[in-house]
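*Asks:*
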């Protein structure tokens, strides 16, 4: 079986399972014409940190792939165009990419506002727009060239509801980021929670640039919940967790997977302790895809990766495999995404797309709890509720 | 009842945080008569300087505060010296624009040096809390209140009882008279910027510690809330700024109590509008505050417009129409399409600001109204875009004029702040009126531009279409400007009282200008909606409003060709600097500063 692997397949295995499977040092450095991926994402503006996180994930994957001979002897490269996650700029970038024959696939953008404005240009031009953080339920409905590996909220949020009820909570107060992402999650979460017999006693949406939650927490407290559920990113999630504790509320906190980041603990401080969350990706998990990624990431950046690093890394690995198996024609990439099977993935374990929805199902999930300032697997002990 | 106490305490706590910023803004506003948009950037820099001191030098809190105050004080003095003093005597719009350019530059520098990721800013304070009602306040709350109140008291004493304080107040009242009396006006300005910036930096540090969170994007929202608090308190009034901040905090907190968290900012901006209408001088501003506003056209730079012969304009237009035939690169065409759409926006703004003297800082709100009107008509009611786009223009024209109507009697900075608030209100109403606008989910699947089944989708076709709309609108506007209506509008801009005493019905003419301008902006927003196929409340944000102002000023207020040139420049420059990746917005800010410095009347001059 191994004998049938092309050199690139071996390189990919090297990338995803570590050097033990294929001696990377023996592979020649790739010489051919580079395969170019266009990236549209924020490098400046209010979302710039996410673009910076992507870059780390991309670079790590590219080093590994190109260090192991590239794809069919050609190096992979990306061209990162800063969009500031602004729709006016993403449409211009889209025109730039679609008319540049060297670009074989487009990755991004970050927000729905910015990405979906450009979808119709990619669709009409027949260049795959691959949004790996685009969770808006209508994102991939833009056409057969619009794909996403973003974990579907329809997958993830019911699992969070299940976790909350398994923890023994019955009366839930939900704080959600008032964006398309937060709104969708909140609706799916509430429906799932109700079907599991729990009750949503309060739901409060907040603006992305909000910093003060004290009055919101009075509303939450007055609804008398036995848990506060956060549908937040790590920065705002940390702010809320801190304020919950500093106003003296003892209510336990369950937060969705996107708070999973070392930054969450740094920003929330002691208030992070006792927060329950679940994640698609946990550095402590023993799967080889995860361990290989985490080891390399720590070695290169001297810090722990977060989910944004992981999804960016996964995307490059996925694309390398698609190019290797199905070529680098633009339409071929689309067809390849529909056919490619079981791509090793940090987030999904093995990623396979549903050709109908153009999304991946079955993200991995690990139940976590923050203990002593660290994310740790949930020990199965239910918190005592009053 | 218990909760009512909690909401009150929480309102005061957050008001306390706003006050720190508002005091510095009020001081600068009072003396330099300037909304300092760079104040938020100084606040951010203060937070990062403090972070660096704590992280690398392990300084205790008192020393950290001192370092931040000195560093930001020096920065403030430098801002005054380098960016603002050369603009003295120029129209007051020039320093305003310079502070906007500065805020881009400073925010970008912070982001480049410190990385965009948020950081923790832990504080070493004892961990006790005083319970009040169901909540509590901690040492940080008390420290912030202490710094806010004591700095306000110190400033008050300084302004009242010291010699430099006299000089500052004299300068604020009448700069020229003060200079003639031997006051070192430049020195006073420098001192004011240093003091206000030192305070701004310390507030950034304290707020960062309060939330244990600092990030390079924190400045805009901070400036916005600070400005609201300052207006409520009465511009230039330092104790007023504190009371205004507390009132703002309370209003937000009660707003949350009554309607929920997503209504918070709606309450904040509604309070602002209410004050502007009922008490435009704020709680503590004397009558003086209004008189200090420009009575004549000093807000906008008077200058001779650059005469561009008609045949040159015609040739340029013909060249623009022919361009896709010789240079069909879709990227270029798309950038220019964006420029034409921005041009419609800038034309609209230059009409209300340059011709009628109504500086609008909320013009993106008009785009949003137009965009949503056309998008909803097309998606939810099946109207074809050929019809929905002009209908959206009419809707924007009517709705926009109605929204700004109550603000017509305001002038100068006040109309700028009122329109800024109206722009925010439009965005917040879109977010909250879910049954009509789909709320945070936005409108998806907006059909492309089409008429009778023919879709306009190619880059070239869209280019021609938007260019035609722009040219048509520009011609109409030129016709309007050269008519008696245009003359009357300019009379209004240059001296409203004189115009009124000549029997001009001021409100009607302003409404006419807004009505016409609203149509153009509405059409621009509507076309954008069909191009993007997706809209949400963030598509047309307040940053875009600021950009529109910059375009109109860059081209020369009231100058039709100038507005288009400004739009092409400001859409084109960031694209041209793409090679510079992370540095491009920094370069853009510097270019903007240089333009303001050397050509404050705009590229083509004011008409």
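Residue numbers (the working numbering), protein chains in the order written: chain B, 462 to 847; chain W, 71 to 677.
From the three backbone atoms N, C-alpha and C, an ideal C-beta is built for every residue, glycine too.
#1: Enumerate in chain order the residues of its own chain whose CB-to-CB distance from residue 835 of chain B is below 8 Å, with the five nearest sequence positions on each side excluded.
#2: Along the stretch 688 to 706 of chain B, what residues have a CB closer than 8 Å to any CB found in chain W?
#3: Which residues mark the beginning and the end of the beta strand (DSSP E) in which residue 743 of chain B is found?
#4: With DSSP as the reference, please indicate the residues paired to residue 189 of chain W in a beta bridge.
#5: Just the chain B side, please: which residues come within less than 9 Å of residue 530 of chain W by C-beta, in chain order?
#6: For the stretch 748 to 761 of chain B against the stretch 513 to 525 of chain B, are there 3 or more C-beta pairs whose distance is under 8 Å?
#7: Does any residue of chain W have a CB that is nearer than 8 Å to the CB of residue 560 of chain B?
#8: Run down chain W in chain order and give the residues with a C-beta less than 8 Å from the C-beta of residue 543 of chain B.
#9: So residue 665 of chain B contacts chain W; which residues on that side make the cut at Cβ distance below 9 Å?
#10: Report the CB separation of residue 471 of chain W from residue 585 of chain W in whole angstroms; it is logged as a contact under 8 Å.
#11: Please confirm whether residue 499 of chain W has its beta-carbon closer than 8 Å to some beta-carbon of chain B.
#12: Measuring alpha carbon to alpha carbon, tell me which residue in W:451, W:257, W:86, W:189 is nearest residue 218 of chain W.
#13: Contact check, residue 642 of chain W vs residue 409 of chain W under 8 Å by CB: the rounded distance?
#14: Can you name the residues of chain W whose CB is closer than 8 Å to the CB of residue 507 of chain B?
#15: Count the other CB atoms, across all protein chains shown, that sit within 10 Å of the CB of residue 475 of chain W; report buried if there are 16 or more and exposed otherwise.
#16: So with Cβ pairs under 8 Å, would you call residue 323 of chain W a contact of chain B?
#17: What are the start and end residues of the beta strand (DSSP E) that includes residue 836 of chain B?
#18: Which residues in chain W sit within 9 Å of residue 770 of chain B, going by Cβ to Cβ distance?
#19: Which value, in whole angstroms, describes the spacing of the CA atoms of residue 564 of chain B and residue 662 of chain W?
#20: Assign residue 668 of chain W to one of two classes, buried (16 or more other C-beta atoms within 10 Å of its C-beta) or exposed (fewer than that).
#21: Does any residue of chain B bring its CB to less than 8 Å from the CB of residue 84 of chain W?
#22: Starting from the N-terminal side, write out each stretch of the beta strand (DSSP E) that is 3 residues or longer and does not extend beyond the stretch 585 to 647 of chain B.
#23: Give the straight-line distance between the Cα atoms of residue 546 of chain B and residue 657 of chain B, rounded to the nearest whole angstrom.
#24: Excluding the 5 residues preceding and the 5 following residue 82 of chain W in the sequence, name in chain order all residues of the same chain whose CB lies nearer than 8 Å to its CB.
#25: Kindly indicate which three-state DSSP category residue 603 of chain W falls into: helix, strand or coil?
#26: Please list the residues of the stretch 709 to 736 of chain B that have a C-beta atom closer than 7 Å to any C-beta atom in chain W, keeping them in chain order.
#27: Please work out which residues of its chain come closer than 6 Å, Cβ to Cβ, to residue 489 of chain W, disregarding the five sequence neighbours upstream and downstream, and give them in chain order.
#28: Is the beta carbon of residue 203 of chain W sitting closer than 8 Å to the one on residue 75 of chain W?
#29: Which residues in chain B have a C-beta closer than 9 Å to the C-beta of residue 73 of chain W? List them in chain order.
#30: Thinking residue 754 of chain B and residue 807 of chain B are a contact (beta carbons under 8 Å), I'd like their distance in whole angstroms, please.
#31: Would a check of beta-carbon distances place residue 566 of chain B closer than 8 Å to chain W?
#32: Please return the same chain residues whose Cβ sits closer than 6 Å to the Cβ of residue 228 of chain W, not counting the five positions on each side in sequence.
#33: Determine whether the Cβ of residue 281 of chain W lies closer than 8 Å to any Cβ atom of chain B.
#34: Which residues, taken in chain order from the stretch 401 to 412 of chain W, show a beta carbon closer than 9 Å to some beta carbon of chain B?
#35: Does chain W have any CB closer than 8 Å to the CB of residue 548 of chain B?
#36: When DSSP labels each residue in this structure, what does residue 802 of chain B get in the three-state scheme?
*Replies:* Looking at the atomic coordinates:
#1: 726
#2: Listed by position, the residues of the stretch 688 to 706 of chain B near chain W (Cβ gap below 8 Å) are 696, 699, 700, 703.
#3: For residue 743 of chain B, no beta strand (DSSP E) run applies, since DSSP gives it neither H nor E.
#4: W:284
#5: Those do not exist, as residue 530 of chain W stays about 11 Å from chain B at its closest Cβ, beyond 9 Å.
#6: Enough Cβ pairs lie closer than 8 Å, so yes.
#7: So, interface residue.
#8: 648, 651, 652, 654
#9: 326, 330, 331, 332
#10: 5 Å
#11: no
#12: W:86
#13: 6 Å
#14: 287
#15: exposed
#16: yes
#17: 835 to 838
#18: The premise fails here: residue 770 of chain B is roughly 12 Å from chain W at the closest Cβ pair, so nothing lies under 9 Å.
#19: 33 Å
#20: exposed
#21: yes
#22: Those beta strand (DSSP E) runs which fall completely within the stretch 585 to 647 of chain B and span 3+ residues are 590 to 592, 607 to 609, 632 to 638.
#23: Going from the Cα of residue 546 of chain B to the Cα of residue 657 of chain B covers about 37 Å.
#24: 316, 319, 320
#25: coil
#26: 709, 724, 727, 728, 730
#27: 430, 431, 432
#28: Their beta carbons are under 8 Å apart, which means residue 203 of chain W touches residue 75 of chain W by this criterion.
#29: 679, 680, 682, 683
#30: 5 Å
#31: no
#32: 235
#33: yes
#34: 401, 402, 403, 404, 405, 407, 408, 411, 412
#35: Residue 548 of chain B has a beta carbon lying within less than 8 Å of a beta carbon in chain W.
#36: coil
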